[in-house]
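See structure below.
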Amino acid sequence: MEYLTLPHQHGEGPQTAQIQNQLHHVEHFQTVAQVFKQLGDTTRIRVFWLLCHQEECVLNISAMLKMSSPAVSHHLRPLKDSGLIVCRREGKEVYYRAADTEQSRLLHQMIEQVMEITCPETVCAKL
């Protein structure tokens, strides 16, 4: 990749060329955007957060969130497709949990830290 001379020189170091090179890998940023898109919905964040703490079936998730099973399933699908959650079948029952991946752990940690920073102490008590 050719180094682009910037219009204003502000004492950029050798990392500027590396940063410019990374900026050209649009597909990497698209992957990140897709993950964050999954968490752009309050219900999906709630479902994901719940599944980071325990494995659950659709009926229990529905009861906890006070939503219909089809509505919960609608939110589970994109989370599963993005690799943030996984499922296992036991007979007719399907159980969901957060994926054991660095990406999933990081997003869970980020959600909890943002909640801790922005929520009053009484609302977001730690588990």
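Residues in the sequence shown are numbered consecutively from 1312, following this note's numbering. Note that CB positions come from ideal geometry on N, CA and C, so glycine has one too. Keep in mind it's a predicted model, so treat the numbers as computed, not measured.
Where residue i falls: helix, strand or coil (DSSP)
i       : result
Arg1338 : Residue identity check: residue 1338 is Glu in the sequence provided, not Arg. Three-state result, Glu1338: helix.
Ala1409 : strand
Glu1366 : coil
Rounded C-alpha distance that separates residue i from residue j
i       : j       : result
His1364 : Gln1320 : 49 Å
Ala1374 : Phe1340 : 36 Å
Asp1392 : Pro1325 : 38 Å
Leu1387 : Glu1367 : 11 Å
Pro1318 : Cys1430 : 43 Å
Ile1422 : Lys1403 : 32 Å
Thr1327 : Phe1347 : 26 Å
Ile1330 : Val1425 : 27 Å
Gln1345 : Glu1401 : 30 Å
His1336 : Leu1376 : 39 Å
Asn1332 : Val1343 : 17 Å
Buried versus exposed, by CB contacts within 10 Å (16 or more), residue i
i       : result
Leu1334 : exposed
Leu1418 : buried
Ile1428 : exposed
Of the residues the options, the one placed nearest residue i, counting alpha carbons only
i       : options                               : result
Val1369 : Val1405, Gln1331 and Glu1401          : Val1405
Leu1390 : Thr1342, Gln1349, Gln1331 and Val1337 : Gln1349
Arg1408 : Leu1376, Lys1377 and Ile1372          : Ile1372
Met1378 : Glu1366, Thr1354 and Glu1401          : Thr1354
Counting pairs of beta carbons, one from the stretch 1345-1362 and one from the stretch 1395-1415, are three or more of them closer than 8 Å? yes
Just checking, does the stretch 1408-1428 make contact with the stretch 1378-1386 on the three C-beta pairs under 8 Å criterion? no
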